[in-house]
Amino acid sequence: SQKIEQNSEALNIQEGKTATLTCNYTNYSPAYLQWYRQDPGRGPVFLLLIRENEKEKRKERLKVTFDTTLKQSLFHITASQPADSATYLCAPSGSSNTGKLIFGQGTTLQVKP
Amino acid sequence: GAVVSQHPSWVICKSGTSVKIECRSLDFQATTMFWYRQFPKQSLMLMATSNEGSKATYEQGVEKDKFLINHASLTLSTLTVTSAHPEDSSFYICSASPRPNTGELFFGEGSRLTVL
Chain F
16 SQKIEQNSEA
26 LNIQEGKTAT
36 LTCNYTNYSP
46 AYLQWYRQDP
56 GRGPVFLLLI
66 RENEKEKRKE
76 RLKVTFDTTL
86 KQSLFHITAS
96 QPADSATYLC
106 APSGSSNTGK
116 LIFGQGTTLQ
126 VKP
Chain D
477 GAVVSQHPSW
487 VICKSGTSVK
497 IECRSLDFQA
507 TTMFWYRQFP
517 KQSLMLMATS
527 NEGSKATYEQ
537 GVEKDKFLIN
547 HASLTLSTLT
557 VTSAHPEDSS
567 FYICSASPRP
577 NTGELFFGEG
587 SRLTVL
């Protein structure tokens with residue numbers, strides 16, 4: 016069955032450092048992969064979408080890579096700030112483009128000042 | 477950006493009663509909306525796909541008679557938790573897929589249901 020794995024342990028880093036979060040998936044071949052941010056008690060917010068033919072995508076301090084051979088996506092936040100503290104969810108998606116998303120369990124990032 | 481409004485943001489009800497949660501896309505039309513449930517410290521679990529003008533498609537293990545979904549218009553979907561029990565207490569979140577579908581989903585702020 017399809018499986019999405021994110022590091023369930025919280026990631027604690029110092030302000031100013033680069034945070035790197037990992038998303039691994041098995042048993043399917045997504046056409047694209049999305050990253051969302053979720054704050055406690057709030058709905059997720061879309062951050063980035065990367066397609067299978069794109070190796071890297073950037074948006075301000077965010078960078079996402081997508082390695083379809085390794086079946087892995089890496090999510091980087093450079094020059095991290097305490098305001099970046101949140102849970103980050105990845106969602107690999109198929110080519111049917113129905114909009115239906117299945118999420119990983121998320122990784123909680125804590126940026127300390 | 478697209479806005480999805482969810483109401484109520486929190487609700488407390490007695491066991492055995494029914495609760496309705498509304499999800500509205502405020503500035504775009506959504507032919508498809510999705511309902512998720514999230515327990516503490518867990519990820520979002522997809523419950524069902526709500527299609528405007530047709531029956532919802534439920535994920536495996538989700539009771540369609542307990543979680544009634546209605547998608548009456550291109551901007552409104554409702555989830556009714558019928559005969560709620562304490563184990564139904566959870567954070568319910570809706571999301572909408574705009575037309576044309578760009579892949580990303582826009583989420584509501586969630587509704588926290590507590591069943592006493």
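Going down the list, the protein sequences come from chains F and D.
Note that the working numbering has the first sequence beginning at 16, numbered continuously upward.
Note that the working numbering has the second sequence beginning at 477, numbered continuously upward.
No residue lacks a Cβ here, since even glycine has one placed at the ideal position from N, Cα and C.
Because the structure is a prediction, the values reported are computed rather than measured.
Closest by C-alpha distance to residue i, when choosing among the options
i	options	result
F:Tyr-6	F:Gln-21, F:Thr-35, F:Lys-127 and F:Phe-81	No statement about residue 6 of chain F is possible, as the shown extent of chain F runs from 16 to 128 and does not include it.
D:Asp-564	D:Lys-542, D:His-547, D:Thr-508 and D:Thr-533	D:Lys-542
F:Pro-55	D:Phe-582, D:Ser-501, D:Gly-586 and D:His-547	D:Gly-586
F:Leu-63	D:Thr-578, D:Leu-592 and D:Arg-588	D:Thr-578
Neighbourhood of residue i by C-beta distance below 8 Å, restricted to the same chain and skipping five residues each side
i	result
D:Gln-505	Leu-550, Thr-551, Pro-574 and Arg-575
Neighbour list for residue i in chain F, Cβ cutoff strictly below 7 Å
i	result
D:Ile-569	Gly-58
D:Gly-515	Per the sequence shown, the amino acid found at residue 515 of chain D is Phe instead of Gly. In chain order: nothing, as chain F lies at least about 11 Å away.
D:Ser-573	Gly-114
Listed by chain order, chain D residues near residue i by CB distance under 8 Å
i	result
F:Ser-108	Gly-579
F:Phe-90	The premise fails here: F:Phe-90 is roughly 15 Å from chain D at the closest Cβ pair, so nothing lies under 8 Å.
Beta-carbon proximity of residue i to residue j, cut-off 9 Å
i	j	result
D:Ser-494	D:Ala-560	yes
F:Trp-50	F:Ser-88	yes
F:Thr-93	F:Lys-78	yes
F:Gln-120	F:Ile-28	no
D:Ser-566	F:Leu-116	no
F:Ile-19	F:Phe-118	yes
D:Phe-510	D:Ser-526	yes
Residues that residue i contacts on chain F, provided the C-beta gap is smaller than 8 Å
i	result
D:Leu-589	By Cβ distance, chain F contributes nothing, its closest Cβ being about 13 Å from D:Leu-589, past 8 Å.
D:Gln-505	Per Cβ cutoff of 8 Å: no residues; D:Gln-505 is ~13 Å from chain F at best.
D:Phe-543	Per Cβ cutoff of 8 Å: no residues; D:Phe-543 is ~17 Å from chain F at best.
D:Gly-586	Gly-56, Arg-57 and Gly-58
Interface residues of chain D facing residue i [CB-CB closer than 9 Å]
i	result
F:Trp-119	Looking at the sequence itself, residue 119 of chain F is Gly, so the reference to Trp does not match. By Cβ distance, chain D contributes Ser-519.
Beta-carbon proximity list for residue i, same chain, < 7 Å, skipping 5 on both sides
i	result
F:Gln-96	Glu-30 and Val-126
D:Ser-481	Arg-500, Leu-502 and Gly-584
Contact set between the stretch 523-538 of chain D and chain F, restricted to residues whose Cβ is under 7 Å from the partner: Legend: CB atoms of the stretch 523-538 of chain D lying less than 7 Å from CB atoms of chain F belong to residues Thr-525.
Between the stretch 33-52 of chain F and chain D, which residues of the former have CB atoms less than 7 Å from a CB of the latter, in chain order? Tyr-47 and Gln-49
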